[in-house]
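Undergrad: Residues 1046 to 1282, numbered by the numbering used here, are exactly what the sequence shown covers, in order. Glycine residues also receive a C-beta, built at the ideal position from the N, C-alpha and C atoms.
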Amino acid sequence: MDEKYFAKKVEQKWQKKWVESGAFEAEIDDTKPKFYQLEMLPYPSGNLHMGHVRNYTAGDVVAWYKRLKGFNVLHPIGWDSFGQPAEDAAIKRGVNPREWTENNIVAMRGQLERLGLSFDWRRQMAAHRPEYYKFDQWFFLQMYEMGLAYKKATQVNWCEHDQATLSNEQASGGLCWRCGNPVTKKNLEQWFLKTTAYADELVDGLDAIEAGWPPAVVKRQRDWIGRSEGAYVDFKV
């Protein structure tokens, strides 16, 4: 028996067996409790970094633990592949944004597979593909028809270089998070979603979440929803 441990050989052997046996493919099974494990979807930048390895390893540990505890675990994966970063990167390299993104997905999927992460790859999705974003469009139209999506003029953070609006977090320190150029204030028409119509229901429902979120996460949700009870103030005229 060879006392040396050949990691690559052993990993390839077992990863092949996992694929052939469908070890991580979640099917309907009413005899087991269900568990859904999802990490934040990666942006397909071309290569994994150690932040990816940390996050997806942590999520995979949870998925494995739940399987070993008898749960029927659904552990999907996908790509946060829609948006200006992909377009900017493609323009910089003189290639088509879709081609750039698809090539990166192939490369990064191979890297995730080499890590041996227990994803159900049949559930893979990518935000830039029509079969995915058509549902985003459908949801938006439903909200628009219900009066929950509307346009109004408002002051926004504006990056002249990227010709894009930015959130407050993306304009921290007065600089664009992507290009580093100064951010200005600009009045533009923007789309809004009337989440306030559901504020009471959303806040009250936080106490009944089945999964039991950590208190700090629940507080952030309450702060984000931002329900205010209001106040009465008397002023002398």
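According to DSSP, is G1257 helix, strand or coil?
TA: coil
Undergrad: Where does Q1200 sit, in a helix, a strand or coil, going by DSSP?
TA: For Q1200, the secondary structure class from DSSP, reduced to helix, strand or coil, is strand.
Undergrad: Taking the Cβ atom as the reference point for each residue, do T1229 and W1203 lie within a distance shorter than 8 Å?
TA: yes
Undergrad: At which residue ranges does the segment 1048-1081 contain complete beta strand (DSSP E) runs of 3 or more residues, listed in the order of the chain?
TA: 1079-1081
Undergrad: Can you tell me which of the three DSSP states G1219 falls into?
TA: helix
Undergrad: Taking buried to mean at least 16 other C-beta atoms within 10 Å of its own C-beta, is Y1243 buried or exposed?
TA: exposed
Undergrad: Compute the distance between the beta-carbons of R1223 and P1130, then report whether it is under 8 Å.
TA: Their beta carbons are under 8 Å apart, which means R1223 touches P1130 by this criterion.
Undergrad: Could you pull the DSSP bridge partners for W1124 from this structure?
TA: Per DSSP, A1171.
Undergrad: Is the segment 1082-1099 close to the segment 1143-1153, with three or more CB pairs under 8 Å?
TA: yes
Undergrad: Could you check if W1145 is buried or exposed, using at least 16 other CB atoms within 10 Å of its CB as the buried criterion?
TA: buried
Undergrad: Can you give, in chain order, each stretch of the alpha helix (DSSP H) that sits fully within the segment 1226-1277 and has at least 4 residues?
TA: 1244-1250 and 1260-1270, all fully within the segment 1226-1277.
Undergrad: What is the rounded straight-line gap between the Cα of S1126 and the Cα of K1179?
TA: Between S1126 and K1179, the alpha-carbon positions lie close to 14 Å from each other.
Undergrad: Check the C-beta distance from Q1235 over to V1201 and give it rounded, since I have them as a contact under 8 Å.
TA: For Q1235 against V1201, the beta-carbon gap comes to about 6 Å, under 8 Å, which counts as contact.
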